[in-house]
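Asks: Before I ask anything, let me first share the structure, which is written out below as structure tokens.
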Amino acid sequence: MSVRDTNILNHTDLKYLLIDNLNLYTEEAFYVQGNNPYTFNINKKTVYIYIKNVHQSGQNRTNTDECRIQVGKTPGFTDVLASGKIAYMLGYFDDCNVFTAWNPLLFRDRINAKRTVSLYSRFSVQERANENGIACYIDSNGCSAITFKPEYIGLYLENYSNMHLLDEQGLLELIQKYDEVKNSNNDKEDIEIGNLEYIVNHPRTKRDPNFKKIIHKIYCSRCAICGIQLELTEAAHIIPYSHEKGTDEPSNGICLCALHHTAYDRGLIYIDEDYNVKMNNEKIRYLEKIKLDGGIMKFIQMHDSKIDLPVSNKPSVEFIKIANSIRGIN
Ligand SMILES: [Zn+2]
Numbered sequence: 324m325s326v327r328d329t330n331i332l333n334h335t336d337l338k339y340l341l342i343d344n345l346n347l348y349t350e351e352a353f354y355v356q357g358n359n360p361y362t363f364n365i366n367k368k369t370v371y372i373y374i375k376n377v378h379q380s381g382q383n384r385t386n387t388d389e390c391r392i393q394v395g396k397t398p399g400f401t402d403v404l405a406s407g408k409i410a411y412m413l414g415y416f417d418d419c420n421v422f423t424a425w426n427p428l429l430f431r432d433r434i435n436a437k438r439t440v441s442l443y444s445r446f447s448v449q450e451r452a453n454e455n456g457i458a459c460y461i462d463s464n465g466c467s468a469i470t471f472k473p474e475y476i477g478l479y480l481e482n483y484s485n486m487h488l489l490d491e492q493g494l495l496e497l498i499q500k501y502d503e504v505k506n507s508n509n510d511k512e513d514i515e516i517g518n519l520e521y522i523v524n525h526p527r528t529k530r531d532p533n534f535k536k537i538i539h540k541i542y543c544s545r546c547a548i549c550g551i552q553l554e555l556t557e558a559a560h561i562i563p564y565s566h567e568k569g570t571d572e573p574s575n576g577i578c579l580c581a582l583h584h585t586a587y588d589r590g591l592i593y594i595d596e597d598y599n600v601k602m603n604n605e606k607i608r609y610l611e612k613i614k615l616d617g618g619i620m621k622f623i624q625m626h627d628s629k630i631d632l633p634v635s636n637k638p639s640v641e642f643i644k645i646a647n648s649i650r651g652i653n
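Counting from 1 along the sequence shown, just add 323 to a position and that's the residue number in our numbering.
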């Protein structure tokens with residue numbers, strides 16, 4: 324492995340990496356605050372995530388396949404652990420685009436006894452997970468570090484304790500069944516492997532058809548950002564309806580074309596308190612690093628003005644502020 328620095332994801336990039344992938348798991352995943360731990364609300368539960376880039380172990384280590392993250396105590400992190408809660412312990416290896424997860428219960432005991440802790444895996448495991456979706460490294464004490472593609476992060480967060488009991492064969496069986504369940508129409512399903520159950524929880528919000536009609540009427544079916552009609556517009560929620568503060572009030576809605584709806588929901592653009600359309604430069608830098616920034620110059624040129632406000636039922640500034648915060652925008 325060569326030394327790579329330029330594309331290493333920083334704290335902000337890792338926040339967007341988590342937001343993007345948690346949103347693939349459930350509509351009910353919202354960023355709350357902070358980093359290491361990052362606080363999320365996922366399926367109505369508060370979740371703390373600690374994540375660092377996976378790197379090569381120190382020079383005094385002989386195994387070149389060995390990789391690790393090093394975890395130190397920080398005030399916010401120590402508070403979470405001291406309160407008896409768990410923080411999920413994740414590594415990210417950008418060469419393979421995979422997460423590695425260490426058992427948070429075992430970690431809690433180790434960090435309580437020491438100031439810093441190294442958590443190990445193997446580069447070959449990262450590569451195997453990139454190929455097969457999931458893989459694991461089991462250390463000499465029998466503790467597993469599970470490496471998986473980002474799309475499995477929700478499955479892991481809900482089922483970590485059972486997943487750490489599985490060997491690689493069991494984990495492969497689990498994601499195969501999970502992929503099948505994800506394509507079903509049920510909000511919640513259980514998978515059984517061995518004698519243990521795994522939850523797959525992906526609630527889908529029931530939509531109010533009136534919201535769509537009202538928003539289209541207020542905005543004359545015109546995108547508030549680019550002005551396009553052409554039957555390409557959608558009724559977007561400012562605060563997602565699945566969030567506890569999300570509502571179908573017209574002031575929580577805005578008419579957007581399909582492109583701007585997606586860009587808004589993903590936090591690539593946002594609206595400020597004066598109704599200016601802004602590019603989220605932090606997200607752009609993150610997309611550059613993960614090499615998904617194609618077309619960005621063309622996209623930026625489309626945005627330099629205020630949204631077109633309707634005569635009545637303007638978007639609520641209070642809702643806009645909350646919406647920005649849960650999409651990771653400070
Ligand atoms: Zn538009």
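All C-beta atoms, glycine included, are put in the ideal place defined by N, C-alpha and C.
Span of the alpha helix (DSSP H) holding Val403?
Replies: On the sequence shown, residue 403 is found 80 positions in, with the first residue counted as 1. Start and end: Pro398 to Ala405.
Asks: Can you confirm whether the stretch 627 to 641 touches the stretch 595 to 603 when touching is taken to mean that 3 or more C-beta pairs between the two stretches lie within less than 8 Å?
Replies: Contact holds: three or more Cβ-Cβ distances are below 8 Å.
Asks: Is Cys419 near ligand 1, with its Cβ less than 7 Å from a heavy atom?
Replies: Counting from one through the sequence shown, the residue named residue 419 turns up at place 96. For ligand 1, not one heavy atom lies less than 7 Å from the Cβ of Cys419.
Asks: Go through its chain and collect everything with a Cβ distance to Gly517's Cβ below 6 Å, but skip five positions before and after it.
Replies: Here residue 517 is taken as the residue at index 194 of the sequence shown, counted from 1. Correct list: empty, nothing qualifies.
Asks: Could you spell out where the beta strand (DSSP E) holding Tyr361 opens and where it closes?
Replies: Indexing the sequence shown from 1 puts residue 361 at position 38. Tyr361 to Ile365 is the span of the beta strand (DSSP E), which, as asked, contains Tyr361.
Asks: When burial is assigned at 16 or more other CB atoms within 10 Å of the CB, is Ser325 buried or exposed?
Replies: Taking the sequence shown and counting its residues from 1, one reaches residue 325 at position 2. Because Ser325 carries a pLDDT of 44, less than 50, the predicted location of this residue cannot be relied on, and the following value inherits that uncertainty. It is exposed - the Cβ of Ser325 has fewer than 16 other Cβ atoms within 10 Å.
Asks: Note down the Cα distance separating Val523 from Ala559, rounded to an integer number of angstroms.
Replies: As a first step, residue 523 must be located in the sequence shown, where it is residue number 200. As a first step, residue 559 must be located in the sequence shown, where it is residue number 236. For Val523 and Ala559, the distance between alpha carbons rounds to 27 Å.
Asks: Only counting the same chain, and skipping five residues up and downstream in sequence, which positions put a Cβ closer than 7 Å to that of Ile645?
Replies: By 1-based counting over the sequence shown, the position of residue 645 is 322. Answer for Ile645: Ile562 and Lys568, listed in chain order.
Asks: Return yes when at least one heavy atom of ligand 1 lies under 7 Å from the C-beta of Ile551, else no.
Replies: Looking up residue 551 in the sequence shown gives position 228. Result yes, Cβ under 7 Å from ligand 1.
Asks: Evaluate Ser484 with the Cβ neighbour count: other Cβ atoms within 10 Å of its Cβ, from every protein chain shown; 16 or more gives buried, anything less gives exposed.
Replies: Locating residue 484 in the sequence shown gives position 161, counting from the first residue. By the neighbour-count rule (16 or more Cβ atoms within 10 Å), Ser484 is not buried but exposed.
Asks: Can the beta-carbon of Gly651 be found less than 8 Å from the beta-carbon of Tyr339?
Replies: As a first step, residue 651 must be located in the sequence shown, where it is residue number 328. As a first step, residue 339 must be located in the sequence shown, where it is residue number 16. In contact: Gly651 and Tyr339 (Cβ atoms closer than 8 Å).
Asks: Select from Asn464, Lys437, Leu478 and Gly399 the residue whose C-alpha is nearest the C-alpha of Asn346.
Replies: On the sequence shown, residue 346 is found 23 positions in, with the first residue counted as 1. Among Asn464, Lys437, Leu478 and Gly399, the Cα nearest to that of Asn346 belongs to Leu478.
Asks: With a CB to CB cut of under 7 Å and the five nearest residues on each side skipped, what residues in its chain are close to Glu350?
Replies: Within the sequence shown, the letter at position 27 stands for residue 350. Excluding residues within five positions, the ones whose Cβ falls inside 7 Å are Pro526, Arg527, Thr528, Pro563 and Ser565.
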